[in-house]
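The block underneath contains the structure these notes are about, expressed in C-alpha cells.
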Amino acid sequence: MDERDVRLLKAIAELETGSPERLHEATDIPISTIHYRLNNLREEGIIENDRYDIDLEELGLGVTVLIEVHADYQGSYESFADRLLTVEGVTNVYFTMGETDFIVVARLSDSGMVERLIAEFEQLEGVERTDSTFVISAIEERDALQSYELETLLEELTDE
C-alpha cells in the first residue's frame, strides 16, 4: 500500500462513496488509476464489498482499545465529547451513566499509538483518569439492523 491507496481510502471514508469520478475530484488521482487501485484493494481484502466497507485489520488499524473516561468538565457533555473526538484514532464516543462518564472506542495500528492516545487524553482539560481495555479479538462486528429479526424491526419501528 502506498500514499495513493491511503488517500483513496480516506476519501472513500469521508465521501461515503466509491465513485471514481468523486474520488478523482477529491484526490486528483486519475480515474483509470482509481479503478486499478480499487480492484487491487478489493483483491487484497482491504475493501470488503460493494458498499466499500474497509477491513481495518487488513488496512493496518487492527488494535481496538476501549477507554473508560472519568471526567470533571465544565459545560455540556456534548462539548466535552467533541474534545474527545479530536484525538486521532477515536471512532466512537458514548456518554454513559454510572461511575464512567464516557466510553471511547479507538482503532490504532500498534501499542505506540495506544500510548500516544492515552497521553493525549491525559492532556485534555477535564479528564481525571482513564481505564483502557485492549480487545484481543473481535468475535462479531455487525450493523445494528443485522442483530434483529425482520419481524422484530417491523413490530418495533413501524406505525402499523
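All residue numbers for the sequence shown refer to UniProt numbering, where the first residue is 1 and numbers rise by one.
Beta carbons are placed, not taken as given, at the ideal position from N, Cα and C, and that holds for glycine.
Being a predicted model, the structure only gives us computed values, none of them experimental.
Residue state for residue 114 is assigned as helix, using DSSP reduced to three classes.
Residue 146 has its alpha-carbon roughly 15 Å from the corresponding atom of residue 51. Taken in chain order, the unbroken stretches of alpha helix (DSSP H) that lie wholly in the segment 127 to 158 and span 4 residues or more are 150 to 157.
Counting every other CB atom within 10 Å of its CB across the protein chains shown gives residue 31 a total below 16, marking it as exposed. Cβ contact annotation for residue 114 (same chain, cutoff 6 Å, sequence separation greater than five): 65 and 108, in chain order.
Annotated as distal: residue 126 and residue 77, with beta-carbon spacing of 8 Å or more. Each residue's CA atom was taken as its position, placing residue 44 and residue 116 some 29 Å apart. Membership of residue 40 in the alpha helix (DSSP H) is indicated by the continuous run 31 to 43.
Note on residue 134: under 16 other CB atoms within 10 angstroms of its CB, so exposed under the neighbour-count rule.
Per DSSP, reduced to three states, the secondary structure at residue 7 is helical.
Excluding residues up to 5 positions away in sequence, 93, 95 and 102 lie with their Cβ nearer than 7 Å to the Cβ of residue 81 in the same chain. Short of 6 Å from the beta carbon of residue 59, and not among the five residues preceding or following it, lie these beta carbons of its own chain, in chain order: 46. Residue 56: member of the alpha helix (DSSP H) spanning 56 to 59, first to last residue. Cβ neighbours of residue 122 within its own chain (closer than 8 Å, five residues either side excluded): 130.
In the DSSP annotation of this structure, the continuous segment of the beta strand (DSSP E) that includes residue 94 starts and ends at 90 to 95.
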